[in-house]
Amino acid sequence: MSSITDLGGLRPGARVVVAMSGGVDSSVVAALVKEAGYETIGVTLQLYDHGTAVGKAGTCCAGSDIHDARRVADRLGIAHYVLDYESAFKDSVIEAFADEYVQGRTPIPCVTCNQTVKFRDLLSVARDLGADAMATGHYVRRVQGAGGAELHRAVDPARDQSYFLFATTREQLGYLRFPLGGMEKPAVREHARRFGLIVADKPDSQDICFVPSGDYAGIVRKLRPEAGEPGEIVDMGGAVLGQHRGLIHYTVGQRRGLEIGGLSDPLYVVRLEPETRRVVVGPRAALGVAAAVLGKINWLGADIGDGIDVLAKVRSMAKPAPARFDGRRVTFAAPEYGVAPGQACVLYDGERVLGGGWIDGTVSALAAA
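Take a look at the structure:
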């Protein structure tokens, strides 16, 4: 008997494409979809020079992952395709990642990857294969509401990936399925053992796939050498306190690595100024943000009207904070910290994802006061 009781109203025997990364989550999804009686096709994307990360544990999309996905497909007896999307991934994700750093922003390449290569290009492939739906191993729930499919947080808060999927459009949500959203990780691994999958005990990916060494600055410097040029570290009044090694080594909110001695109080990176190559630092109070202006907004909720009360999440690990959203600007009920341009701000109504956007600018709580 299948563990999937519903895949969103698909007809019996429907064709489902499963995005298989080679990890335990997507492998279990393929097994469960097949067990439920659907025609299952696995698709794996080669996104970068996979030979560079074969020996590095904790990455995703590495060369060994492609091999694991193929072995799982063979075990399940399903069709499996490996598609070379290295060029598209470089243009849409890696180049954008480097450009964001050059502009003094803090990028989230996993969101960009979901927004472009996976939920744009791969969905197109699934439709070309005549699939009725595409299933992924993301921990998020698709709930059928009065106005259509809604995006909700996963049951397991420790695994919830809704922050990374805020850019999923209504059209895409109608086509996508997330079978693991109602499960916790131990149950997923138990399914993997039940199916006899070789990836049952495979570690989860933890690093950005194209930076297996964790050296983000090295990747950006290689693509955009100008981002590694040194400059001044200044206080909020413009006084020079020291020199930095390049903007790519700093993010808003950072405290360590400033190498400024002789000060009684700790200083934090308040903002980056790419036009002057300056790192502006200040006390922790200067990090407080009263509001954030969003761009490239994707909205999944109802009409905003004059504004709505929401819960706003400004980092993947941040606790959602009460706020007000008017369609462009998020005003926090209390000063929010760690808000950096380039990051995503995702808006919730309880468990439901209403949408979100990219942080283009912020309003200092000190200035607002």
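Okay, so the sequence shown: first residue is 552 according to the working numbering, each after it adds one.
Glycine included, every Cβ here is placed at the ideal spot set by N, Cα and C.
As the structure is a prediction and not an experimental result, all values here were calculated from the model.
query, result
"Please list, in chain order, all residues of the same chain as T556 whose beta carbon is under 7 Å from its beta carbon, the five residues on each side excluded.", "The predicted model places T556 with a pLDDT of 48, which falls under 50 and marks its position as unreliable; any figure quoted below should be read in that light. Taken in chain order, the list of residues that qualify is empty."
"Here's the rule: buried if 16 or more other CB atoms are within 10 angstroms of the residue's CB, otherwise exposed. What is K864?", "buried"
"Answer yes or no: do V840 and E887 have a C-beta to C-beta separation smaller than 8 Å?", "yes"
"Can you find a C-beta in chain D that's less than 8 Å from the C-beta of F876?", "The displayed structure is made up of one protein chain only, and chain D is not part of it."
"Assuming L727 contacts M787 under a Cβ cut-off of 8 Å, what Cβ separation, rounded to an integer in Å, is found between them?", "Actually they are not in contact, since the Cβ atoms of L727 and M787 sit about 45 Å apart, beyond 8 Å."
"Quick check: A843 and V803, are their CB atoms within less than 8 Å of each other?", "no"
"Kindly indicate which three-state DSSP category D911 falls into: helix, strand or coil?", "strand"
"Return the bridge partner residues of V785 from the DSSP annotation.", "V791, V831"
"Name the DSSP beta bridge partners of Y899, please?", "L862, V904"
"Under the assumption that A884 contacts P873 (Cβ atoms under 8 Å), give the Cβ distance between them as a whole number of angstroms.", "4 Å"
"Rounded to whole angstroms, how far is the Cβ of T663 from the Cβ of S638, which I believe are closer than 8 Å?", "About 16 Å separates the two Cβ atoms, so there is no contact after all."
"Classify M571 as buried or exposed, calling it buried when 16 or more other Cβ atoms lie within 10 Å of its own Cβ.", "buried"
"How do the stretch 893-913 and the stretch 694-711 stand: do at least 3 beta-carbon pairs fall below 8 Å, yes or no?", "yes"
"Just checking my contact of V706 with V579 at CB under 8 Å: how many whole Å lie between their CB atoms?", "Rounded, the Cβ-Cβ distance is 15 Å, inconsistent with contact."
"Specify the secondary structure class of G699 as computed by DSSP and reduced to three states.", "strand"
"Are the CB atoms of L845 and G893 within a distance shorter than 8 Å?", "no"
"Evaluate contact between the stretch 744-764 and the stretch 786-801, counting only Cβ atoms and requiring at least three cross-stretch pairs below 8 Å.", "no"
"Identify which residue in Y767, I855, T913 has its Cα closest to the Cα of L898.", "I855"
"Measure the beta-carbon distance from Q666 to A718 and round it to whole angstroms, keeping in mind my assumption that it falls under 8 Å.", "4 Å"
"Taking buried to mean at least 16 other C-beta atoms within 10 Å of its own C-beta, is L814 buried or exposed?", "exposed"
"If you draw a straight line from the C-alpha of I592 to the C-alpha of Q654, how long is it?", "41 Å"
"If you reduce the DSSP assignment to three classes, tell me which class D642 lands in.", "helix"
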